[in-house]
Amino acid sequence: MALTLDKPPKTAKVAKNGKPTGAGPRVKRHFSRQWQLWVMLLPAIGFTALFAYGPMYGIQLAFREFDFTKGLTGGEWVGLKYFTKFFESPQFWTLMRNTATISLTTLVFGFVAPIILAILVNQVISRRRKRFTQTATYLPHFISIVVIVGMLQVFLSPSTGLITRFLGFFGIEGVNFLGSTSTFVPVYVISEVWQHCGWNSIIYLAALAGVNTQLYEAARIDGANRFQVIRHIDFPALVPTMVVLLILNMGGVLNAGFEKIFLMQNTLNLPVSEVISTYVYKIGIIGSQFSYSTAIGLFNTAINFTFLVITNQIAKRVSNTSLW
Numbered sequence: 001m002a003l004t005l006d007k008p009p010k011t012a013k014v015a016k017n018g019k020p021t022g023a024g025p026r027v028k029r030h031f032s033r034q035w036q037l038w039v040m041l042l043p044a045i046g047f048t049a050l051f052a053y054g055p056m057y058g059i060q061l062a063f064r065e066f067d068f069t070k071g072l073t074g075g076e077w078v079g080l081k082y083f084t085k086f087f088e089s090p091q092f093w094t095l096m097r098n099t100a101t102i103s104l105t106t107l108v109f110g111f112v113a114p115i116i117l118a119i120l121v122n123q124v125i126s127r128r129r130k131r132f133t134q135t136a137t138y139l140p141h142f143i144s145i146v147v148i149v150g151m152l153q154v155f156l157s158p159s160t161g162l163i164t165r166f167l168g169f170f171g172i173e174g175v176n177f178l179g180s181t182s183t184f185v186p187v188y189v190i191s192e193v194w195q196h197c198g199w200n201s202i203i204y205l206a207a208l209a210g211v212n213t214q215l216y217e218a219a220r221i222d223g224a225n226r227f228q229v230i231r232h233i234d235f236p237a238l239v240p241t242m243v244v245l246l247i248l249n250m251g252g253v254l255n256a257g258f259e260k261i262f263l264m265q266n267t268l269n270l271p272v273s274e275v276i277s278t279y280v281y282k283i284g285i286i287g288s289q290f291s292y293s294t295a296i297g298l299f300n301t302a303i304n305f306t307f308l309v310i311t312n313q314i315a316k317r318v319s320n321t322s323l324w
């Protein structure tokens with residue numbers, strides 16, 4: 001008669017304090033202790049999953065031949081056909097050049113201007129003047145883009161515009177700022193900086209408010225002037241915030257503002273104002289080429305993600321500040 005020995009039952013690993021270890025018990029213990037935080041986080045998780053990750057289901061349309069009768073997933077699989085079509089399109093380099101020019105110019109000036117404004121406002125001693133300056137620079141941020149473009153058309157009209165008439169006193173007459181390929185980008189960038197500079201300076205003012213006031217007092221006792229205070233106290237205090245915001249901005253480096261550019265477009269400035277976002281709208285919504293427009297949009301997103309990762313790694317090595 002053969003004898004069989006039963007295997008000893010598996011037991012959970014037990015730490016020196018008597019509590020079980022391992023991934024499962026640790027996760028269970030974590031949720032039992034932090035369940036209130038997870039409950040508060042659930043709406044944000046649900047919102048992100050529904051509106052950020054849910055639409056990613058449609059990305060496959062860039063690799064399929066869209067068929068109205070079969071839906072998003074019913075079309076024939078065509079691989080990289082529409083990406084190749086875009087790369088070989090005569091519009092490719094024009095769109096890339098226009099998008100990069102407008103986006104990078106706006107990024108550079110729109111990134112530096114709030115820092116300068118925050119430093120200048122921080123140097124204002126009078127509270128009343130500081131509040132007035134902050135309020136005056138914040139207000140344009142709340143103006144509708146449609147109103148902003150309407151103001152630009154009124155002020156920059158070649159015949160009746162207030163600014164063009166003012167420039168006429170200096171011998172500069174008949175300039176169509178919104179109809180010229182050489183002035184469209186400067187007008188767009190200046191209006192963007194003017195509208196959002198004050199609002200974007202809030203986070204830098206918050207960083208400066210956290211600087212220890214004893215540093216300013218010690219600097220004044222040592223005879224430092226305002227420029228030296230800004231250079232050795234204010235600017236180093238802003239560097240971590242600047243690095244984080246630069247990384248976030250690089251994540252949308254090719255996302256030139258669709259609404260404003262589309263409203264400012266006309267047949268005269270189209271050679272420099274046609275960017276990827278407006279082209280995707282015209283191809284996808286107006287032209288009903290959904291697969292082609294999805295491929296272009298996915299290519300744009302991939303470029304932005306690449307810039308985000310590279311900038312984050314560079315910032316991590318240079319300044320030891322990064323998003324992850």
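1 is the number of the first residue of the sequence shown in UniProt numbering; add one for each residue after it. Positions of the beta carbon are idealized from the N, C-alpha and C atoms, including for glycine.
- Per DSSP, the unbroken alpha helix (DSSP H) holding LEU263 starts and ends at 258-264.
- The criterion of a C-beta distance shorter than 8 Å is satisfied by VAL187 and LEU152.
- In this structure the region 97-110 touches the region 250-266; the number of beta carbon pairs closer than 8 Å is three or more.
- Straight across, the Cα-Cα distance linking ASN266 with LEU72 is about 34 Å.
- The alpha-carbon of MET264 is positioned some 9 Å away from that of GLY150.
- Contact between VAL185 and VAL272 is confirmed by a C-beta separation of about 6 Å, below the 8 Å threshold.
- Assigned with DSSP and collapsed to three states, GLU192 falls in helix.
- Inclusion of PRO140 and GLN60 in the CB contact set at 8 Å is not warranted, their separation being larger than that value.
- At the C-beta level, THR160 and CYS197 stay beyond 8 Å of one another.
- The beta carbon of PHE155 sits closer than 7 Å to the beta carbons of GLY161, LEU162, ILE163 from its chain, once the five residues preceding and following it are set aside; these are given in chain order.
- Take LEU95, set aside five residues on each side of it, and the residues of its chain with a beta-carbon closer than 8 Å to its own are GLU274, VAL275, ILE276, TYR279, in chain order.
- For TRP324, no alpha helix (DSSP H) run applies, since DSSP gives it neither H nor E.
- Per DSSP, the continuous alpha helix (DSSP H) segment holding ARG128 begins and ends at 127-138.
- Under the DSSP definition of a beta bridge, ASP67 partners with GLY71.
- Proximity of the region 203-213 to the region 105-122 meets the contact definition, three or more beta-carbon pairs being nearer than 8 Å.
- GLU274 carries a coil assignment under DSSP once its states are collapsed to helix, strand and coil.
- With a cutoff of 8 Å on beta-carbon distance, ARG131 and SER291 are scored as not near each other.
- The closest CA to that of PHE299, considering only LEU41, ALA62, GLN34, GLY174, is found on ALA62.
- Sequence-distant Cβ neighbours of PHE307 in its own chain, meaning closer than 6 Å and more than five residues away, are MET250, VAL253.
- Per DSSP, reduced to three states, the secondary structure at GLU88 is coil, with no helix or strand assignment.
- ASP67 counts as exposed, since fewer than 16 other beta carbons sit within 10 angstroms of its beta carbon.
- Between the alpha carbons of ALA224 and LEU42 lies a gap of roughly 51 Å.
- Look at GLU173 here: in three-state DSSP terms it is coil, with no helix or strand label.
- With distances taken between CA atoms, GLY210 lies nearest to PRO236 out of ILE285, LYS28, PRO236.
- Taking PHE305 as reference, the option from ARG317, TYR57, ILE247 with the minimal CA-CA separation is ILE247.
- THR311 is positioned such that its CB atom lies no closer than 8 Å to that of GLY58.
- By the C-beta density criterion, LEU50 is exposed, having fewer than 16 other C-beta atoms within 10 angstroms.
- In terms of Cβ geometry, PHE86 and ILE303 do not form a close pair [threshold 8 Å].
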